[in-house]
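As structure tokens, the structure follows; a few thoughts come after it.
Chains as they are written, first to last, in the numbering used here: chain A, 3 to 178; chain B, 3 to 178.
In structure tokens:
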């Protein structure tokens with residue numbers, strides 16, 4: 003069921019986050035619309051818990067202000083077509099030093115579909131064990147936070163990051 | 003508590019969605035980092051229900067694919083410093099033709115703080131009444147969806163939009 007077709011795409015800027023494109027679409031009724039798209043490779047986010055703690059990170063997000071944000075482990079897919087589950091395993095090890103015996107894909111979300119095609123697959127990871135944290139990029143400055151599961155509502159209250167909120171709220175829903 | 007300072011900002015592209023800037027920051031330990039920021043005016047989203055239905059929209063989001071996305075009413079702040087509550091009232095009228103007697107601010111979220119400063123204030127609106135829908139922008143193609151509150155879990159399952167998921171999951175949490 004095609005309701006529109008893309009009739010143009012112009013790359014106006016390329017950076018590390020992706021490519022900004024001005025795209026034109028024609029709907030079946032003939033109307034043409036222009037959309038600006040920050041084309042993104044996609045990402046993953048992980049709600050990882052061991053029954054006692056949910057493993058979070060605090061990370062400076064310089065562009066939104068002074069406070070480091072409370073987030074779930076997450077990251078972009080590596081170029082070259084990395085599978086989301088592989089990216090999730092990699093990010094969980096890199097960011098909080100954990101591996102998981104059980105992985106479940108719980109949701110895929112678009113972070114802001116009006117202007118970016120960024121899509122984040124959210125996983126639930128359980129059966130955790132410690133692994134060595136590989137060397138991370140020098141500018142990541144990630145603080146690992148073992149947050150008590152019994153205070154999950156407080157994590158939700160403290161969290162301002164959309165993907166992390168979806169992950170934690172879905173986790174809360176499953177725990178009843 | 004200042005842990006970093008901005009030491010540079012270069013505008014590399016400007017469009018309708020905002021301005022793309024390459025920003026440089028210096029942390030207190032001397033390390034400098036580069037961040038790419040899609041600078042955004044901010045937005046609002048509304049979980050509006052009348053005790054029987056939650057009022058949603060379906061809207062084509064051409065850049066993420068064929069299917070129209072199921073979302074809560076939402077929109078950008080108007081230029082000139084529109085207050086979030088005023089924007090929420092305006093969007094609820096424009097998108098679903100409703101006014102609300104009671105407004106509560108439930109959360110503010112960053113949609114993707116790694117590359118955009120977009121911040122969305124989420125409101126809960128109750129005590130709904132009908133108003134005339136003002137003329138909307140010609141390319142919005144919004145379908146109003148009165149979704150039964152008793153099937154809120156199905157809306158959450160069908161929803162792929164981050165702000166809408168946060169709004170609906172917080173609504174579900176309040177309804178117990």
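Even glycine gets a Cβ: it sits at the ideal position worked out from N, Cα and C.
Since the model is a prediction, treat every value here as computed from it, not as a measurement.
7 angstroms CB neighbourhood of residue i in its chain, flanking five on each side removed
i	result
residue 20 (chain A)	40, 41, 42 and 43
residue 95 (chain A)	101, 133, 135 and 136
residue 97 (chain B)	59, 75 and 144
residue 108 (chain A)	124, 125, 126 and 172
Alpha-carbon to alpha-carbon, residue j and residue i
i	j	result
residue 6 (chain A)	residue 131 (chain A)	48 angstroms
residue 143 (chain A)	residue 61 (chain A)	6 angstroms
residue 48 (chain B)	residue 128 (chain B)	10 angstroms
residue 75 (chain B)	residue 58 (chain B)	6 angstroms
residue 124 (chain B)	residue 175 (chain B)	15 angstroms
residue 116 (chain B)	residue 52 (chain B)	36 angstroms
residue 45 (chain B)	residue 114 (chain B)	13 angstroms
residue 199 (chain B)	residue 119 (chain A)	Absent from the model: residue 199 (chain B). The displayed extent of chain B is 3 to 178, so no value can be given.
residue 178 (chain A)	residue 89 (chain A)	29 angstroms
residue 32 (chain A)	residue 64 (chain B)	15 angstroms
residue 81 (chain B)	residue 165 (chain B)	21 angstroms
residue 70 (chain B)	residue 84 (chain B)	28 angstroms
residue 66 (chain A)	residue 66 (chain B)	25 angstroms
residue 93 (chain A)	residue 18 (chain A)	18 angstroms
residue 77 (chain B)	residue 68 (chain B)	21 angstroms
Residue i Cβ short of 7 angstroms to the ligand ZN heavy atom set
i	result
residue 170 (chain B)	For the structure depicted, the ligand ZN is absent and the ligand set is empty, with no information on it obtainable.
Backbone secondary structure at residue i - three-state DSSP
i	result
residue 156 (chain A)	helix
residue 79 (chain A)	coil
residue 70 (chain B)	strand
residue 166 (chain B)	helix
residue 129 (chain B)	strand
residue 7 (chain A)	strand
residue 84 (chain B)	coil
Same chain only: Cβ atoms within 6 angstroms of residue i, ignoring 5 sequence neighbours per side
i	result
residue 112 (chain B)	121
residue 167 (chain B)	161
residue 79 (chain B)	43, 44 and 89
residue 24 (chain B)	12, 14 and 38
residue 86 (chain A)	46 and 123
Residues bridged to residue i (per DSSP)
i	result
residue 137 (chain A)	For residue 137 (chain A), which the question treats as bridged, DSSP gives no partner whatsoever.
residue 97 (chain B)	According to DSSP, residue 97 (chain B) bridges with nothing at all.
residue 37 (chain A)	A:25
residue 187 (chain A)	Because chain A spans 3 through 178 in this model, residue 187 (chain A) falls outside it and cannot be assessed.
residue 14 (chain A)	In DSSP, residue 14 (chain A) forms no bridge with anything.
residue 59 (chain A)	A:73 and A:146
residue 118 (chain B)	B:40
residue 46 (chain B)	B:77 and B:123
residue 102 (chain B)	B:130
Cutoff 8 angstroms; reference residue i; Cβ partners in own chain excluding five residues on either side
i	result
residue 26 (chain B)	8, 9, 10, 11, 34, 35, 36 and 37
residue 54 (chain A)	150 and 151
residue 91 (chain A)	101, 102 and 105
residue 147 (chain B)	57, 58, 59, 60 and 72
residue 170 (chain A)	49, 56, 74, 154, 157, 158 and 161
residue 22 (chain B)	13, 14, 15, 16, 38, 39, 40 and 41
residue 110 (chain A)	121, 122, 123 and 124
residue 29 (chain A)	5, 6 and 35
residue 99 (chain A)	132, 133, 134, 135 and 146
residue 3 (chain A)	With a pLDDT of 49 at residue 3 (chain A), under the threshold of 50, the modelled position of this residue cannot be trusted, and the question is left open.
Proximal chain B residues relative to residue i, where beta-carbon distance stays under 8 angstroms
i	result
residue 63 (chain A)	112, 115 and 116
residue 71 (chain A)	112 and 115
residue 168 (chain A)	164, 167, 168 and 171
Contact set between residue i and chain A, taken where Cβ atoms lie within less than 8 angstroms
i	result
residue 153 (chain B)	Correct list: empty, because the minimum Cβ distance to chain A is about 15 angstroms.
residue 17 (chain B)	14, 22, 24 and 38
residue 80 (chain B)	In chain order: nothing, as chain A lies at least about 15 angstroms away.
Partner residues on chain B for residue i, Cβ-Cβ distance less than 7 angstroms
i	result
residue 162 (chain A)	110, 111 and 112
residue 119 (chain A)	65 and 66
Proximal chain B residues relative to residue i, where beta-carbon distance stays under 9 angstroms
i	result
residue 11 (chain A)	By Cβ distance, chain B contributes nothing, its closest Cβ being about 10 angstroms from residue 11 (chain A), past 9 angstroms.
residue 6 (chain A)	62, 64 and 68
Minimum Cβ-Cβ distance from residue i to chain D less than 8 angstroms
i	result
residue 123 (chain B)	No chain D is present in this structure, whose protein chains are A and B.
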